[in-house]
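Novice: In my numbering, the protein residues as written are 71 to 413.
Quick reminder that beta carbons are idealized off the backbone N, C-alpha and C, glycines included.
In this text the structure is predicted, and so the values were computed from the model without any measurement.
(1) Taking 8 Å as the limit between beta carbons, can you name the residues of its chain near residue 411, skipping five residues before and five after?
(2) Rounding to the nearest angstrom, what Cα-Cα distance links residue 368 and residue 173 in this structure?
(3) In this structure, how does DSSP classify residue 206 when only helix, strand and coil are distinguished?
(4) Would you give the residue range spanned by the beta strand (DSSP E) that residue 196 belongs to?
(5) Would a C-beta distance cut-off of 8 Å place residue 81 and residue 160 closer than the cut-off?
(6) Within this structure, are the beta carbons of residue 400 and residue 117 separated by less than 8 Å?
(7) Inspect the beta-carbon positions of residue 109 and residue 124 and report whether they are closer than 8 Å.
(8) I'd like the span of the alpha helix (DSSP H) that includes residue 239, first residue to last.
(9) What's the C-alpha gap between residue 280 and residue 324?
(10) Give me, in chain order, the residues of the same chain whose beta-carbon lies closer than 8 Å to that of residue 86; leave out the 5 immediate sequence neighbours on both sides.
(11) By a C-beta neighbour count over all protein chains shown, 10 Å radius and 16 as the cutoff for buried, is residue 370 buried or exposed?
(12) Which of the three DSSP states is assigned to residue 409 in this structure?
(13) Suppose only complete runs of 4+ residues qualify. What are the alpha helix (DSSP H) ranges in the segment 347 to 391, listed by chain order?
(14) Could you pull the DSSP bridge partners for residue 134 from this structure?
(15) In whole angstroms, what is the alpha-carbon distance linking residue 128 and residue 137?
(16) For residue 374, count the other beta carbons within 10 Å of its own beta carbon; 16 or more makes it buried, fewer makes it exposed. Which is it?
(17) Quick check on residue 76: does DSSP put it in helix, strand or coil?
(18) Within 10 angstroms of the Cβ of residue 35, are there 16 or more other Cβ atoms? Answer buried if so, exposed if not.
(19) To which residues of the same chain is residue 143 closer than 7 Å at the C-beta, ignoring the five residues directly before and after it?
(20) Helix, strand or coil: which one does DSSP assign to residue 314?
(21) Between which residues of its own chain and residue 285 is the CB-CB distance below 6 Å, once the five residues before and five after are set aside?
(22) Output yes or no for whether 8 Å exceeds the beta carbon distance between residue 176 and residue 239.
(23) Taking the continuous beta strand (DSSP E) assigned at residue 334, which residues delimit it?
(24) Tell me the rounded alpha-carbon separation between residue 364 and residue 122.
(25) Just to confirm before moving on: does the CB-CB distance between residue 275 and residue 309 stay below 8 Å?
(26) Taking Cβ positions, are residue 277 and residue 251 nearer each other than 8 Å?
(27) Suppose you measure from the CA of residue 194 to the CA of residue 381; what does that come to, to the nearest Å?
(28) Based on DSSP bridge pairs, tell me the residues matched to residue 394.
(29) Output the distance between the C-alpha atoms of residue 202 and residue 385, rounded to the nearest integer angstrom.
(30) Going by DSSP, what residues sit across from residue 154 in a beta bridge?
(31) With 16 as the cutoff for other CB atoms within 10 Å, does residue 182 come out buried or exposed?
(32) Between the alpha carbons of residue 248 and residue 306, how many angstroms are there, rounded?
(33) Mind checking residue 366: buried by the 16 CB within 10 Å criterion, or exposed?
(34) Can you find the residues in the same chain that come closer than 8 Å, C-beta to C-beta, to residue 273, ignoring five residues on each side of it along the sequence?
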């Protein structure tokens, strides 16, 4: 069976090559977003149709967020962070840098009263009323990612010196993801394509939490502060998966092993795939290839890279490259898809 492969471009690529602008309208105006989505899929076909990407004549898709870019911001915004939008980049969350007293007393907002969540529900209702269904590609962000947006790097000190602050932030962020996730699940059969689009091909119904920033902490910190949050999510949403885009996922893989019924794990480029596979023998792995490496690797080098990754993973894996920017030549992308196809 062929190995599933996916390519995801950075917003700067879309802005340069398809003229798509990622201002606030892209995320808050369903009609604008669908028009941009059509342009994006058609642009992919015109450039890479021979490699199997895009659609020749795409129609409108009733989507929330996007499965063609990575853009996590909504839940940090709901928790009180300011967000800055720009045309050629994903939304930028501005760290709230909460002081000790506010971080210790912070509670998740009442979603029904939150204007950003109200806008989200309004979009769901608009799309469902017009098309009869909605696909949610809202990026689910992940618990520690949101906590860091609220507290900043001080969170890492909290783990050692002010654990009650860390515990409160993690608990409230996890509570938000549980409540919001339940609401999204009522409205959409899919939930995680906006975290990593490969799920469309290999596990469409997975709930994927983003553990990007877990790369920055020890396995001990993960187990002491974050494991319980991931377990709560895994109990609620099945199948459940963990996205870890950092370069050393192996350093915390034994912690991830303790998440019951983990079905999917995304392995960051540069990670020791063999060690991850040994820790997670029955889990489907998506192996990330570096968007920096793809720019310059020869066909031989790319083949060697991918064969090494595939051998380490053994079975039940896919491959993707995420965050490709406008400096990457089309031929390198086609070469990558071909090399994965030859595995």
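Specialist: Working from what's here:
(1) 72, 73, 75
(2) 49 Å
(3) strand
(4) Unbroken run through residue 196 is the alpha helix (DSSP H), 185 to 201; no beta strand (DSSP E).
(5) yes
(6) yes
(7) no
(8) 233 to 257
(9) 17 Å
(10) 158, 396
(11) exposed
(12) helix
(13) 363 to 366, 369 to 383
(14) 206
(15) 15 Å
(16) exposed
(17) strand
(18) Residue 35 is absent from the model: the chain starts at 71 and stops at 413.
(19) 153, 161, 163
(20) strand
(21) 316
(22) yes
(23) 332 to 337
(24) 18 Å
(25) yes
(26) yes
(27) 42 Å
(28) 79
(29) 38 Å
(30) 162
(31) exposed
(32) 8 Å
(33) exposed
(34) 309, 311, 333, 334, 354
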